[in-house]
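A.B. asks: So for the sequence shown, UniProt numbering puts the first residue at 1; every next one is plus one. Glycine included, every Cβ here is placed at the ideal spot set by N, Cα and C. Handing you this structure, nothing more for now.
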Amino acid sequence: MLILFTQIFIFAVLAMSYDLLLGYTGIVSFGHAMFFGIGAYSTGIFLDRMDGSILALVTGLLIGAVLSAIVSFIVGVLSLRLKSHFYAMLTMAFAGLFLVLAQKWRSVTHGNDGFTFSIPDAFKDREVLYFTSLLLMILVFFGLRRFTSSPVGKVLQAIRENESRTESLGFHILHYKVIASVIAGVIASFAGSFYVLTLRFVNTSVFTMDITLDALLMTIIGGVGTLTGAILGAGIIEFAHHWLTGLAKVHWIFERWIILFGIVYILSVMFFPKGIVGTTMHWFEKRKYARVKEKQGTEQKADVAG
Numbered sequence: 001m002l003i004l005f006t007q008i009f010i011f012a013v014l015a016m017s018y019d020l021l022l023g024y025t026g027i028v029s030f031g032h033a034m035f036f037g038i039g040a041y042s043t044g045i046f047l048d049r050m051d052g053s054i055l056a057l058v059t060g061l062l063i064g065a066v067l068s069a070i071v072s073f074i075v076g077v078l079s080l081r082l083k084s085h086f087y088a089m090l091t092m093a094f095a096g097l098f099l100v101l102a103q104k105w106r107s108v109t110h111g112n113d114g115f116t117f118s119i120p121d122a123f124k125d126r127e128v129l130y131f132t133s134l135l136l137m138i139l140v141f142f143g144l145r146r147f148t149s150s151p152v153g154k155v156l157q158a159i160r161e162n163e164s165r166t167e168s169l170g171f172h173i174l175h176y177k178v179i180a181s182v183i184a185g186v187i188a189s190f191a192g193s194f195y196v197l198t199l200r201f202v203n204t205s206v207f208t209m210d211i212t213l214d215a216l217l218m219t220i221i222g223g224v225g226t227l228t229g230a231i232l233g234a235g236i237i238e239f240a241h242h243w244l245t246g247l248a249k250v251h252w253i254f255e256r257w258i259i260l261f262g263i264v265y266i267l268s269v270m271f272f273p274k275g276i277v278g279t280t281m282h283w284f285e286k287r288k289y290a291r292v293k294e295k296q297g298t299e300q301k302a303d304v305a306g
């Protein structure tokens, strides 16, 4: 359970970084895994070459964050001028390039086979890794909540609602989109670094489309533009994966857990169109509005009777 919750915290960080793009800026990316993979390989390579020291871990985290910032800046400047679906396809192409690079640069990445590495002694204790991942998730949550409530965050939300009108007000849309892309990329790289830290192993799977789809599903199921929805979505998907694969011993159908998970996803979208958190908030707002209208109606009747 410690390992499971640690992975929930890590994927919650990844989902929150994706929510900054999709939920707050309206950017759909199919290549978010490349930042996750950059962080993963940077940390893995430095820990492997420097014998698992704390210095290697810190260096890998920082190098991964810097590389992710540079790549997200370049990709953003080159492609964020395009419309949403063209941008999504182009990011997928960039992610594919990184996947091919990881497969072919065998002297560093060992190709599809990947490689194991040692980690600092402090993190060999699963509880330490658990609390460190929890702290990372909390810091990212409050940091992003602060950022999305700032003037820059408000502009990003305005871009999401109506890009043309926001531009007509004098805001340079591309600059704000690039800022969101860089921040999301750096946070995703931290998630990738901690992910391989829990496995003590890294291979090309960190660059695959599955990572991006997981982040997308976590965000949509939990509720886009909420941050808390990303955390809830990460918990639901990781628990569902763990539970359904565990049932493979009961019946062979559970070996195809992705089919059952797809059914759960379809049902959640049907009954919670704005995500679990978003739909729940909408219900509460409707009930609050209904109570206010009812109170106003009662006061008007009292005034007329008076």
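Measuring straight from C-alpha to C-alpha, what distance separates glycine 90 and glutamine 296?
C.D. replies: Correcting the residue type first, residue 90 is leucine in the shown sequence and not glycine. Rounded to the nearest angstrom, the two C-alpha atoms are 52 Å apart.
A.B. asks: Please report the straight-line C-alpha distance between valine 269 and glycine 192, rounded to a whole angstrom.
C.D. replies: Looking at the two C-alpha atoms, the distance is approximately 28 Å.
A.B. asks: Kindly indicate which residue of Leu199, Gly223 and Leu20 has the alpha-carbon position closest to the one of leucine 156.
C.D. replies: Of the candidates Leu199, Gly223 and Leu20, the one whose C-alpha sits nearest the C-alpha of leucine 156 is Leu20.
A.B. asks: Quick one: is isoleucine 107 buried, meaning 16 or more other Cβ sit within 10 Å of its Cβ, or exposed?
C.D. replies: In the sequence as displayed, the identity of residue 107 is serine instead of isoleucine. Per the 10 Å Cβ criterion, exposed.
A.B. asks: Look up valine 152 in the DSSP assignment and say whether it is helix, strand or coil.
C.D. replies: In this structure, valine 152 counts as helix in the three-state DSSP scheme.
A.B. asks: Anyone know if the C-beta pair for phenylalanine 9 and leucine 136 falls short of 8 Å?
C.D. replies: Going by C-beta atoms, phenylalanine 9 is nearer than 8 Å to leucine 136.
A.B. asks: Give the C-beta separation of leucine 47 and isoleucine 119 to the nearest angstrom, bearing in mind that I take them to be a contact with Cβ-Cβ under 8 Å.
C.D. replies: The pair is a contact, with the Cβ atoms about 6 Å apart (cut-off 8 Å).
A.B. asks: Determine the direct distance from the alpha carbon of alanine 15 to that of threonine 212, and round the result to whole angstroms.
C.D. replies: Roughly 9 Å separates the two Cα atoms.
A.B. asks: Jot down the residue ranges of each uninterrupted beta strand (DSSP E) in the segment 264-289, minimum 3 residues, whole runs only, in chain order.
C.D. replies: DSSP runs (the beta strand (DSSP E)) wholly in the segment 264-289: none.
A.B. asks: Pair every Cβ in the segment 141-159 with every Cβ in the segment 96-116, then say whether three or more of these pairs are closer than 8 Å.
C.D. replies: As far as the Cβ criterion goes, the segment 141-159 does not touch the segment 96-116, which means the pair count is below three.
A.B. asks: Does the segment 31-40 come into contact with the segment 181-191, if we say contact requires no fewer than three beta-carbon pairs (one atom in each stretch) closer than 8 Å?
C.D. replies: Short answer: they touch.
A.B. asks: What does DSSP give as the partner residue(s) for alanine 116 in the beta ladder?
C.D. replies: Alanine is not the amino acid found at residue 116; the sequence shown has threonine there. Phe201, per the DSSP bridge assignment.
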